[in-house]
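Below is one structure; the comments refer to it alone.
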Amino acid sequence: MLGGLAKSLFGSSNDRYVKGLGAIVQKIAGFEPALQALSDEELAAQTVKFRERLANGEKLDSILPEAFATVREASRRVLGMRHFDVQMIGGIVLHRGEIAEMRTGEGKTLVATLATYLNALPAQGVHVITVNDYLARRDAEWMGQIYKFLGLTVGVIVPNLADHQRREAYAADITYGTNNEFGFDYLRDNMKYERASMVQRPFAMAIVDEVDSVLIDEARTPLIISGPTDDKSELYIGVDAIVKQLDDSLYEKDEKQKSVVLTEEGIETAERMLEAAGLLQGANLYDFENTQVVHHLNQALQANVMRKRDIDYIVKDGKVIIIDEFTGRMMDGRRWSDGLHQAVEAKEGVNIEPENQTLASITFQNYFRMYPKLSGMTGTAATEAPEFFDIYKMNVVTIPTNKPVQRVDQDDEFYKTQQDKFIAIARSIKEHAAKGQPVLVGTVSIEKSELLSEYLAKEGVDHSVLNARQHENEAHIVAQAGRLGAVTIATNMAGRGTDIQLGGNVEFRIEDELKDMAEGPERDAAIEQIKAEVAAEKQKVLEAGGLFVLGTERHESRRIDNQLRGRSGRQGDPGLSRFYLSLDDDLLRIFGPDTLFAKMMRNNIADGEAIGSKWLTKAIETAQKKVEARNYDIRKQVVEYDDVMNDQRKVVYEQRSDIMDAETVGDVVEDMRAETVNDIVGRSCPPETYPEQWDIEGLKESVQKTLGVEAPIEAWIAEQDGIEPEDVENKVRALADARVKAKSDDLDPETWMQIEKSILLQNLDHHWKEHLGMLDALRQVVHLRAYAQKTPINEYKQEAFAMFERMLGNIREDVTRTLAWAEFQFSPPPELPELPDFLTTHIDPLTGIDNSADWDAGAAGLISNELPALQIPRPDAEALGDDPAQWVGRVSRNAPCPCGSGNKYKHCHGAL
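Okay, so the sequence shown: first residue is 0 according to numbering that gives the first Met the number 0, each after it adds one.
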């Protein structure tokens, strides 16, 4: 009560913060007259002056007012758009590394130019992150006009660019691109074999458009680079056939958790059916030999029971294509992980693509937290403000609108059944469309949008349907959704990138209607006529009440509902919004209150009767908060687990960078050899023991296999009384060092250094890949430790640390063994191997959805997940002579054959 009184007297903390920025806005306005008097050349020269001031020790904050005023004037001259004062406030918020919450239509794209320009002045690079490639290209071209006018360079990162093009784009002052492209480039850079082939620079600042979509909705989805494993199509098909025969009484499904498990009776039934089909080894499903069968059975259950066609995916051109739950878009080329996509392909009887093995991965949380300064903007962030601060340490600041909001948000209407609700919706749409008011209808799935389309057809209402099936026409349908009497059904409206303009969109009408008309007076006249028609139509739409936004169901997240509502009432236009709900809606059915009051409502509301209830509205909000809290917990858990891997990832990636940057890695290799010798001797000759207690035969065998030398342990014991394990260690190390030195002396130092680097990097990558696979497996089973009263995350940390220690030991031993046994020829220095193309995926650990939208050149075909082999040049045939008999003993068995066949010597003329 006291808090409410204080808020009414002094305003909220947000209001006070925004008001405090007014003084800076006034300073910016003070520079405007002087800047307007400058010529274009003088205005563009401001950039050079600002950079000189920064070089002389001034801070960005001190030049902010003048820099923002410069951008405002440049925008006015180049784009004909002058930043409003509220947009200046948004720019200050972005510069400070906070989130600017601005309503739809308030010009967030233009706001970003202010902070982007200011932070690009130190020439360290600013990354502007958008949610799709279309927006990245559009904004880079559109806003890039301002930056180029002021003398800054602009790059854009989109799929299918060559490395040199990416390097050039990242070298620009400002780089536009999608979150996936930036993240995958970071992972790919850390798989390269030379510093010069890396594309990114050290991070400085990122500004994220639709920050809630990128840092919240997609944040439970790690980015993964992978290569394919063996084909198991027949196993998927066989298990799928068995699952389809299981009665629904044999499994239990949990729609909240999106999980399904077999009952005891179901397990027994499945065992007998699998045994009969010859897919089971032995009679017990849970024997170790059947681990893979259990995995396939679980994924087939998930595919058949929990994944619904036309809701979770569609089948198009013989492919299973996932539908984005937040935007309703088809995600062509994206795949569910861990065999789930293959299980759905088996279910639908389409071609089954092979699974993939993880080679590198990172979550968006850990990727974006690497930026020293991170800010973002969106229309809906306040509901997730605690998460933004908790994970990213970013405050959410709500920016006031330029003009007062005139949209009327009506109370929700509740119906008993879904059928009653759809009948009422169709009648309401017909009524509003008849008086000329455009209607935007938001649905949560393709199935619901097509069902509503049938109801509207019965009522004789003309309408457009925007869902994954009409993906190609998306921008054109959205652009004309504000025309007189237009009815548009849309499956979610997040990140569409096209504003709904009342009366229609002039640019799209010109493109659609005049695309075949040649340039000239006739076309100019037609353009003027279209502009006049749009202006007249806009006036009629305004008189009809503006855009009516109708929600057919509440989404799990309040943000998605607010995004839909925000499409109406932009820039002070009138508007109307209302949600229609029923007790059958998924949100209420799964997460809603199963109370006596809810049961009474179901029994006492007449068919077709609508009610408005504050209690039900509150219940909906409570259900949404429950889901939001659950999703936050999931994302937080992903971060907790990835933080463990992130610490290890940093160590590995820093080690790779050090190896690539070092002039020589001889010291590293020598240390690895010493530690390997220490481990070998320590296993066979424990400290504080006598020679008669040692495993001499085991020691000799290990030394021979790993170090390639014969160790006369017995002779050493006979020669030296009271020999200690440390003495043996020193003698073995001397033998190993001598063997490697003899090899290095045969080659010039530059060649030997390249060989050491290459072997180090290849072993590091190979073991890191194996380690990632083991961590994935550990994460899937560690929750079972909770039954033993142990905390899974703590167990995961301990196990992961022990696995990492073992991995480091294995790397040391493999590097030592490779250098000890490798045979080299006199030849030019070997080239470092090039990084092959990999499949990039963006996997959701909760749903298994792959949200990547980034397919590399190699993704369409088979990609090798093997590390590139060490490149050893072919021996010079002339120096060896033409007689293959003379090559024996002079050509390494693993070297290319001197005959030029391209095969290894041991598989060609050196075959035994």
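Glycine is no exception: its CB is placed at the ideal position from the N, C-alpha and C atoms.
Contact set for residue i: own chain, Cβ-Cβ below 7 Å, skip 5 residues either direction
i: D132; result: V157, P158, T177
i: G481; result: P437, I499, Q500, L501, G502, G503, V540, L546
i: G665; result: E755
i: Q417; result: S581, D583
Range covered by the beta strand (DSSP E) that runs through residue i
i: T174; result: 173 to 177
i: F253; result: The sequence given here places Asp at residue 253; Phe does not occur at that position. From DSSP, the beta strand (DSSP E) with D253 extends over 250 to 253.
i: F800; result: Not the beta strand (DSSP E): F800 falls in the alpha helix (DSSP H), residues 791 to 820.
i: Q405; result: 405 to 408
i: V926; result: In the structure as shown, the chain begins at 0 and stops at 911. Residue 926 is therefore absent and cannot be evaluated.
i: G574; result: 573 to 581
i: Y414; result: 412 to 414
i: S463; result: 463 to 465
i: L439; result: 438 to 442
i: L549; result: 546 to 550
i: D208; result: 204 to 208
i: A423; result: Note, A423: premise wrong, no beta strand (DSSP E); alpha helix (DSSP H) at 417 to 433.
i: E100; result: 98 to 100
i: V259; result: 258 to 261
i: M376; result: 372 to 377
Cut-off 6 Å between Cβ atoms - residues of its own chain near residue i, not counting five sequence neighbours on either side
i: M142; result: T112
i: Y454; result: F421, A425
i: T46; result: L149, G150
i: Y169; result: V198, Q199, R200
i: M369; result: F202
i: Q298; result: G338, L339, A342
i: V110; result: Q86, G89, G90
i: A171; result: T152, V153, G154
i: E57; result: none
Classification of residue i by the beta-carbon crowding that lies within 10 angstroms, buried from 16 upward
i: N350; result: exposed
i: A122; result: exposed
i: E96; result: Note on identity: in this sequence residue 96 is Gly, with Glu being the wrong assignment. G96 is buried by the Cβ-count criterion.
i: F547; result: buried
i: D316; result: exposed
i: W614; result: exposed
i: A858; result: In this prediction, A858 scores a pLDDT of 29, lower than 50, which makes its location untrustworthy; no coordinate-derived value is stated.
i: R588; result: exposed
i: I610; result: exposed
i: M516; result: exposed
i: D443; result: Strictly speaking, residue 443 in this sequence is Val, with Asp absent from that position. Label assigned to V443: buried.
i: L595; result: The predicted position of L595 is uncertain, since its pLDDT is 41 and thus under 50; a value taken from the coordinates is nonetheless stated next. The residue is exposed, with fewer than 16 neighbouring Cβ atoms inside 10 Å.
i: E932; result: Residue 932 is absent from the model: the chain starts at 0 and stops at 911.
i: R81; result: exposed
i: Y391; result: buried
i: P685; result: exposed
Residue i versus the options, residue with shortest Cα-Cα distance
i: F388; options: S374, L587, G378; result: S374
i: A618; options: F413, V443, I428, V438; result: F413
i: D60; options: A33, G90, M659, R76; result: G90
i: S683; options: P724, R655, V664; result: P724
i: I215; options: H766, E662, V637; result: V637
i: A714; options: S656, K514, I695; result: I695
i: G739; options: I241, V814, K789; result: The identity of residue 739 in the sequence shown is Val, whereas the question assumes Gly. That would be V814, whose Cα lies nearest to the Cα of V739.
i: V667; options: Q570, T108, W820, L759; result: L759
i: H163; options: L186, S196, E180; result: S196
i: V486; options: P520, E532, L439; result: L439
i: E193; options: W767, A661, K796, F803; result: A661
i: K699; options: E691, Q692, P711; result: P711
Range of the contiguous alpha helix (DSSP H) that encloses residue i
i: T108; result: 107 to 119
i: G938; result: Given a span of 0 to 911 for the chain in the structure shown, any question on residue 938 remains unanswerable.
i: R722; result: According to the sequence as given, residue 722 is Ile; it is not Arg. Note, I722: premise wrong, no alpha helix (DSSP H); not H, not E.
i: Y391; result: 384 to 391
Proximal residues to residue i (C-beta, below 8 Å), its chain only, five neighbours per side dropped
i: P371; result: F202, A203, M204
i: R634; result: I215, A218, R219, Q364, E386, I390
Exercise for the section: Decide if the segment 643 to 651 is in contact with the segment 697 to 710; the criterion is three or more beta carbon pairs, one per stretch, under 8 Å apart. Expected result: The segment 643 to 651, when compared against the segment 697 to 710, does not touch it at the 8 Å Cβ threshold.
Exercise for the section: Report yes or no: do the segment 198 to 218 and the segment 257 to 266 share at least 3 C-beta pairs separated by less than 8 Å? Expected result: As far as the Cβ criterion goes, the segment 198 to 218 does not touch the segment 257 to 266, which means the pair count is below three.
Practice task
May I ask you to verify whether the segment 574 to 593 touches the segment 542 to 557, counting CB pairs closer than 8 Å and requiring at least 3?
Solution key: Between the segment 574 to 593 and the segment 542 to 557, the count of C-beta pairs closer than 8 Å reaches three or more; the two stretches touch.
Practice task
Decide if the segment 714 to 732 is in contact with the segment 665 to 683; the criterion is three or more beta carbon pairs, one per stretch, under 8 Å apart.
Solution key: Judged by Cβ distances under 8 Å, the segment 714 to 732 makes contact with the segment 665 to 683, as three or more pairs qualify.
Practice task
Could you tell me whether the segment 715 to 723 touches the segment 663 to 675, where touching means 3 or more Cβ pairs closer than 8 Å?
Solution key: Counting Cβ pairs under 8 Å, fewer than three are found: no touch.
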